[in-house]
Every structure is written in structure tokens, then in C-alpha cells.
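Below is one structure, written out as C-alpha cells, with a few remarks after it.
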Amino acid sequence: MRKFLLLVLFCVPVFAAEHPGTDQFVERAVSEYGLSENEVRELLLEAEYKQSIVDAISRPAEGKPWYQYRKIFLNDKRINEGIKFWEENRELIESASEKFGVDEEIIVSIIGVETLYGRITGSYRIIDSLVTLGFYYPQDLSSDRSEFFSKELMQYMQLATEEGLPTAEVTGSYAGAMGMGQFMPSSYREYAVDFDEDGSRDLWRSKADVVGSVANYLHRHGWQPGQAVTKRAIASESAAFDEISTRGYKPSLTVAQWREKGFTSSSDLSPDIPAAVLKLKEEKRNTYWLTFKNFYVITRYNRSPRYAMAVYELSQEIKKGMDKS
Ligand SMILES: [Ca+2]
269 MRKFLLLVLF CVPVFAAEHP GTDQFVERAV SEYGLSENEV RELLLEAEYK QSIVDAISRP
329 AEGKPWYQYR KIFLNDKRIN EGIKFWEENR ELIESASEKF GVDEEIIVSI IGVETLYGRI
389 TGSYRIIDSL VTLGFYYPQD LSSDRSEFFS KELMQYMQLA TEEGLPTAEV TGSYAGAMGM
449 GQFMPSSYRE YAVDFDEDGS RDLWRSKADV VGSVANYLHR HGWQPGQAVT KRAIASESAA
509 FDEISTRGYK PSLTVAQWRE KGFTSSSDLS PDIPAAVLKL KEEKRNTYWL TFKNFYVITR
569 YNRSPRYAMA VYELSQEIKK GMDKS
């Protein structure tokens, strides 16, 4: 009996198998990121591969057409809770807006789209997310993003040390985004702010830190306070449809140049403003939009133009509700 027990104990480490590529990862983590070899190895042994994370990243992210996608975010619940969140945190939002020069309704809307105002911040352990996507990124997807997630994992380990986080326990999205604003580790390190000045940047529990950090993120990416985000455009039959952006949304031509290419905005925009053109699929037809610098800044938060449009539309609905109340 005793012999059997010993054998079992002896065998335990075998079950905690190393992830493939551990040695190269550890080498980089030590030489490029200054992490401790032992700590990195221990943490990697604790991290588990999760099939559900691979399944989530493999789902066609842009599958739904706009008119279905927008219903996820543009509904009474998300609008009304946005108004409530704004009312409850009015001073914080106002002071973050003033300090960082970002419109209040956009700060509220981003937190609403990301986590329903902090309610759904994700239940995956960050180490499981980042190890699964860094070490086991599915090979059949169009681009291999394992390098991105490996770097985020190293950033995460640095962040955990800096902020005193319980490294193995922190939870977030399947992709490793954390807290009420869903910051990736590198963004957390770079853009999170201690807006309540209590000595730590806490994007889970401190609404002040969350509101300040979201505002700072947009500010650092070039938000222009009070300026337009997007305006509806009318496309002529002979418009240059093949020049519509499919990615990036960096404004490349002016409003006047787009007009010459057949996209006219009904509003009284200055002809010199740089813009891009976005096409959205509505139920029965397409709509066209001129998108400006601020729209591009929202796509720095999440690359999808439909994400940016959802943030914008939700912000407008919440603002309308606030004006009424
Ligand atoms: Ca704080």
C-alpha cells in the first residue's frame, strides 16, 4: 500500500506536462522581458489548454451582417443601463471627459459594449486564454496570431508583477482581455490610469480607474473632442464602390474628394475633413457612411468597423436618454 502511494506521488508531475515551445518562450520571457525563469515555468505548468478557447477564436468573427450584429448592442437593456451607469457615475465621467478630452457618451458606450457596464468581464483564467492562444493557436485560420498572444502573455506576467495581481487567478475574456473595459495586458500596462489615486490601477473594481483608463486610451489614440464620428452618405449609381475601405478605416480622402467619387453627405460638413467610407448591410439594402478620425480611433479599441458603429449608435441613444432625464 505504502509503495503504491509513493508511486502515485512520484507520478504527479508527469500529468502537468509542459506546453510545446515552453523552452523558447521561457528564454524570451527572461531575456526580452526580464521575467524570472522559475516563475515563468511554474505559471506555464499551471496554465491549461482549453478547447473552448480554440473554438471561440475559430468562430467566424465577422459572420453576422450589420443589421443582426447591431441588435446585440442597440437594445433597450443596454441603452437604459447606460443611462443608469452615467447617472450613477456622473462626476467621474465628467472629470475623465474633461481631463482627457473625450466625449462622455463615448466613454459610457464603450464600457456598455465591452462588458454591459462591468457586469460581464469574462470567466476564463487569463493564463489559460493566453497560453492556449499563444501555444496552441489553430493552424487552419487565415492568420497565425500566436506571436501576438505569446507577447501578451509576457506582458501579462509583467503586469501581474507590477500591479501585484494573483497571476494564476485573474479572469477575463477567452482572448485575454481584462476588466470592465476589456484591456489586453499590453494596453493595461500602457494606457490604464489610477484615476482615483489610491496607488493601483484596478480595472475590475474601481469605476474611476475604468472610466479614466477608457478615456485615456481614446485620448492617446487621437480622439478629437466634440468632433463628428460618422455621417450618413448617399452613394450615386456610379460611385467608386471599389474604393470603400474593407479594413483599417484610416481617413484617406477629404469629404470633397469623396463627393467627387460619388459619396455625398447630406450634412453641412467642411469639405476639407479627412474621411473614409463604410458600407453597412441593412436588411433590405446597403447604407453608406463617411467615417472620420474619431471613428478610426474607436477601431483602435477593436478593429471591427461594425464595433465602432455599434459604439457610436449606442452612445447617441444613451445621450438622447440623458438629455430627456
Ligand atoms: Ca486606483
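Our numbering puts the first residue of the sequence shown at 269, with every later residue one more than the last.
Where a beta carbon is used, it is the ideal one built from N, C-alpha and C, also for glycine.
Taking 8 angstroms as the cut-off, one finds at least one heavy atom of ligand 1 near enough to the beta carbon of G467.
The alpha-carbon separation between S363 and A483 amounts to approximately 10 angstroms. Counted as a single uninterrupted DSSP element, the stretch harbouring R413 is not any beta strand (DSSP E), since DSSP gives it neither H nor E.
Short note on S363: C-beta not closer than 8 angstroms to any heavy atom of ligand 1.
Within a 10 Å sphere around the beta-carbon of A285 sit fewer than 16 other beta-carbons, which makes this residue exposed. A distance below 6 angstroms between beta-carbons, with the five flanking residues on each side excluded, links Y485 to the following residues of its chain, in chain order: Y459.
The continuous alpha helix (DSSP H) containing W354 extends over residues 344-356.
The residue from T498, G449, S455 with its alpha-carbon nearest to that of S474 is G449.
DSSP lists T559 as the bridge partner or partners of A544. Residue nearest to D323 within the set T383, N357, Y442, E372 is Y442 (criterion: CA-CA distance). The beta-carbon distance between V478 and I379, rounded to whole angstroms, is 7 angstroms. This is short enough to meet the 8 angstroms contact definition.
Under DSSP, L521 shares a beta bridge with A543. Excluding five sequence positions before and after P573, the CB atoms of its chain that fall closer than 7 angstroms to its own CB belong to Y517, L546, T567, given in chain order.
For K499, the uninterrupted beta strand (DSSP E) run begins and ends at 498-503, by DSSP. Beta-bridge partners assigned by DSSP to K549: N554. Assignment of F368 by DSSP, reduced to helix, strand and coil, places it in the helix class.
Per the DSSP secondary-structure output, Y580 pairs with nothing in a beta bridge. Cβ contact annotation for L582 (same chain, cutoff 8 angstroms, sequence separation greater than five): F341, L342, R346, I347, G350, S377, G380, V381, in chain order. Closer than 8 angstroms to some heavy atom of ligand 1: that describes the Cβ of F463. Across the structure, A524 and S414 are spaced so that their CA atoms are roughly 42 angstroms apart. Taking the Cβ atoms as the reference, Q423 lies roughly 6 angstroms from R457, within the contact range of under 8 angstroms. The alpha carbon of L548 has as its nearest neighbour, out of W526, I512, K318, the alpha carbon of I512. Scanning its chain for C-beta atoms nearer than 6 angstroms, with the 5 sequence neighbours on each side dropped, one finds around K318 the residues D396, T400, in chain order.
In this structure, the C-beta of S455 stays at least 8 angstroms away from each heavy atom of ligand 1.
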